[in-house]
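Chemist: Note that UniProt numbering numbers the sequence shown so that position 270 is 270, with each residue one more than the last. Backbone N, C-alpha and C define an ideal beta-carbon position, used for all residues, glycine too. Can you read through this structure? Questions will come right after.
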Amino acid sequence: MVSRLHDVVSRLHDVVSTHQKLSLLVGGAAAALLCFTLARRHLRSSEKVRVGVVSQLLIHPLKSGKAVSVDLAECLRMGLKHGELRDRHWLVITEDGHMVTARQQPRLVLVSLTCGGGGGGAGLCLSGPGMEELQMPLQQPDNAVIACRPVENHCFAEHNPVRRCCSSSSSSSSSSSSSSSSSSSSRVFGDDIQGRDCGDAAARWLTLYLGGEKAFRLVHFEAHSMEPRRSAAQEKLFSPQEVNMSPQQVAYPDVGPVMLLSEASVGDLNGKLAEDVTVERFRPNIVIGDCSAFAEDSWKELLIGEVRLQRVMSCGRCIFTTIDPETGVISRKEPLDTLKGYRQCKPSERNIYKTAPLFGQLFTVKKTGVFQVGDVVYSVGR
1 MVSRLHDVVS RLHDVVSTHQ KLSLLVGGAA AALLCFTLAR RHLRSSEKVR VGVVSQLLIH
61 PLKSGKAVSV DLAECLRMGL KHGELRDRHW LVITEDGHMV TARQQPRLVL VSLTCGGGGG
121 GAGLCLSGPG MEELQMPLQQ PDNAVIACRP VENHCFAEHN PVRRCCSSSS SSSSSSSSSS
181 SSSSSSRVFG DDIQGRDCGD AAARWLTLYL GGEKAFRLVH FEAHSMEPRR SAAQEKLFSP
241 QEVNMSPQQV AYPDVGPVML LSEASVGDLN GKLAEDVTVE RFRPNIVIGD CSAFAEDSWK
301 ELLIGEVRLQ RVMSCGRCIF TTIDPETGVI SRKEPLDTLK GYRQCKPSER NIYKTAPLFG
361 QLFTVKKTGV FQVGDVVYSV GR
């Protein structure tokens with residue numbers, strides 16, 4: 001009897017032991033599969049494929065102004081920076097507070113804003129055809145801070161950017177030389193953006209250059225002390241979680257901090273035009289060579305030098321593209337008409353782009369750093 005009981009217990013022990021072994025084997029296999037899947041995902045997410053080479057880096061310090069070509073630039077959250085010059089951190093406004101771009105004043109594309117001199121005393125230089133060069137201080141902390149409000153009647157106005165600049169004080173901005181430096185701001189559609197008045201000398205220069213009945217002023221977004229705004233385009237296109245994970249902040253650009261375009265895409269367009277246009281007409285920050293036309297449309301995430309960029313949306317084009325960057329003359333026809341003929345968005349994207357043709361891609365900065373002309377461009381991940 002005892003012997004039989006011992007046999008039963010022994011068999012039960014064998015069954016339990018076998019079950020435990022099977023459980024361990026199944027658990028081990030599941031863990032191995034999970035590790036393999038995670039490792040594969042990591043490898044796929046870190047895959048990089050060479051897609052081109054940086055052929056030009058362009059900074060537009062003055063919104064609508066002439067581009068400054070550089071060999072090397074910092075790429076910060078709010079766009080490109082070279083020395084003291086930051087992309088689209090200066091803006092022309094009317095004396096009564098409305099933002100001015102080359103859409104209203106085409107000759108703005110001929111105005112250069114550069115940084116002259118050297119060392120800590122470097123100042124700004126404003127120049128344009130038929131005008132004497134104007135030297136002015138880079139920082140003018142005693143001048144008024146002007147609050148900015150949205151631009152209307154502009155392509156992409158609903159998720160645009162840029163703000164109409166209006167001082168919330170009752171005094172005219174022309175009295176900036178005697179204004180206090182206290183900040184005043186307006187809250188419009190949940191966005192605030194500011195600009196420091198650049199003084200009366202710059203105002204007189206712009207007013208003389210642009211002519212007409214209106215007076216003009218220059219304002220500067222001070223990145224070290226002013227609050228950037230979050231692009232409403234990102235909030236419209238992405239979920240709140242995605243927006244919070246990668247906040248896109250800008251000063252005066254229309255939508256995103258970085259715009260990228262390939263040489264081949266411009267070449268493809270030129271093949272359809274009676275007269276060639278240059279890449280500068282489309283005002284990109286990064287120009288890519290050694291790739292096929294419109295290859296940039298498929299790039300979701302890029303690695304260039306130390307910099308990592310994430311695509312936000314295509315760049316919808318407007319009447320600005322019809323301004324010749326060499327003459328400041330606006331035709332209101334080409335190359336916009338040709339682009340409309342073959343670069344329309346998908347029907348499902350009409351609520352975003354309307355009838356604006358797509359040419360170039362807008363990116364947000366996922367990882368800041370330095371890059372330069374000649375750097376290889378990698379597409380990262382899938």
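For D197 and L261, I'd like the C-alpha separation in whole angstroms.
Modeler: Those two C-alpha atoms are separated by around 32 angstroms.
Chemist: Can you tell me whether T355 is buried or exposed, with buried defined as 16 or more other CB within 10 angstroms of its CB?
Modeler: Exposed: under 16 other Cβ atoms inside 10 Å.
Chemist: What do you reckon, are the CB atoms on E263 and S64 nearer than 7 angstroms?
Modeler: Going by C-beta atoms, E263 is not nearer than 7 angstroms to S64.
Chemist: Using 8 angstroms for Cβ pairs, my map puts S314 next to Q361. What's the rounded Cβ distance?
Modeler: Contact flag correct, Cβ pair sits at about 6 angstroms.
Chemist: If we count the other Cβ atoms within 10 Å of its Cβ and call it buried at 16 or more, is P347 buried or exposed?
Modeler: Exposed: under 16 other Cβ atoms inside 10 Å.
Chemist: Determine the direct distance from the alpha carbon of E349 to that of G369, and round the result to whole angstroms.
Modeler: Answer to the nearest angstrom: the Cα atoms are 32 angstroms apart.
Chemist: In the DSSP output, what is M127 paired with across the bridge?
Modeler: The amino acid occupying residue 127 in the given sequence is Ser; Met does not appear at that position. Answer is S112, bridged to S127.
Chemist: Going by DSSP, name the residue or residues bridged to A73.
Modeler: According to DSSP, A73 bridges with F371.
Chemist: Which one of S379, V376, T321, V373 has the shortest CA to CA distance from R103?
Modeler: Out of S379, V376, T321, V373, T321 has the C-alpha closest to the C-alpha of R103.
Chemist: Leaving aside the five residues before and after E301 along the sequence, list all residues of the same chain whose C-beta is less than 8 angstroms from its C-beta, in chain order.
Modeler: Correct list, in chain order: R308, L309, Q310, R311, K366, S379, V380, G381.
Chemist: Just list the residues that DSSP pairs I352 with in beta bridges.
Modeler: Note: I352 sits in no beta bridge, so no partner.
Chemist: Considering R217, what are the terminal residues of the beta strand (DSSP E) in which it resides?
Modeler: Run containing R217: 216-220, per the beta strand (DSSP E) assignment.
Chemist: Let's see if you can read the secondary structure: which residues bound the beta strand (DSSP E) around G79?
Modeler: 79-82 is the extent of the beta strand (DSSP E) around G79.
Chemist: From the DSSP output, read off the bridge partner residues of I319.
Modeler: Paired residue(s): none; I319 is not in a bridge.
Chemist: Determine the direct distance from the alpha carbon of M136 to that of A144, and round the result to whole angstroms.
Modeler: Using only the alpha carbons, I get a separation of about 16 angstroms.
Chemist: In terms of residues, what are the limits of the beta strand (DSSP E) holding R50?
Modeler: R50 -> beta strand (DSSP E) spans 48-59.
Chemist: Excluding sequence positions up to five away, which residues of its chain have a Cβ less than 8 angstroms from the Cβ of G116?
Modeler: Once the five neighbours on either side are set aside, the close Cβ partners of G116 are A122, G123, L124, C125, Q135.
Chemist: Tell me which same chain residues have a C-beta within less than 6 angstroms of the C-beta of G271, skipping the five on either side of it?
Modeler: For G271, where only same-chain residues beyond five positions count, there are no Cβ hits under 6 angstroms.
Chemist: Touch check for the segment 83-103 and the segment 197-215: three-plus C-beta pairs under 8 angstroms?
Modeler: A contact exists between the segment 83-103 and the segment 197-215.
Chemist: When burial is assigned at 16 or more other CB atoms within 10 Å of the CB, is H251 buried or exposed?
Modeler: With the sequence shown as reference, residue 251 is identified as Ala, and His is not the correct amino acid for it. Buried: at least 16 other Cβ atoms inside 10 Å.
Chemist: Can you tell which of V53, V49, K48 has its C-alpha closest to the C-alpha of G289?
Modeler: When only C-alpha atoms are compared, the closest one is V53.
Chemist: To the nearest angstrom, report how far apart P228 and R283 are at their CA atoms.
Modeler: Looking at the two C-alpha atoms, the distance is approximately 21 angstroms.
Chemist: Assuming W90 and H220 make a contact with CB atoms under 8 angstroms, what is their CB distance in whole Å?
Modeler: So it is a contact: roughly 5 angstroms between Cβ atoms.
Chemist: Quick check: is the beta carbon of L303 nearer than 7 angstroms to any beta carbon in chain B?
Modeler: In the structure shown, chain B cannot be found, because there is only a single protein chain.
Chemist: On the DSSP letters alone, give me the boundaries of the beta strand (DSSP E) that V376 sits inside.
Modeler: Here the beta strand (DSSP E) through V376 covers 376-380.
Chemist: With V258 as the anchor, note down where its beta strand (DSSP E) starts and where it stops.
Modeler: Here the beta strand (DSSP E) through V258 covers 258-262.
Chemist: Leaving out five residues before and five after R332 in sequence, what residues of the same chain have Cβ atoms less than 8 angstroms from its Cβ?
Modeler: Excluding residues within five positions, the ones whose Cβ falls inside 8 angstroms are I319, T322.
Chemist: Leaving out the 5 sequence neighbours to the left and right, which residues in its chain are closer than 6 angstroms to I330 when beta-carbon positions are compared?
Modeler: The answer, listed in chain order, is P106, T322, I323.
Chemist: Taking 7 angstroms as the cut-off, decide whether the C-beta atoms of V277 and P335 are in contact.
Modeler: Taking 7 angstroms as the Cβ cut-off, V277 and P335 qualify as a contacting pair.
Chemist: Given a cut-off of 7 angstroms, decide if V266 and V279 are closer than it, judged by their beta-carbon atoms.
Modeler: Yes, Cβ-Cβ distance for V279 and V266 is below 7 angstroms.
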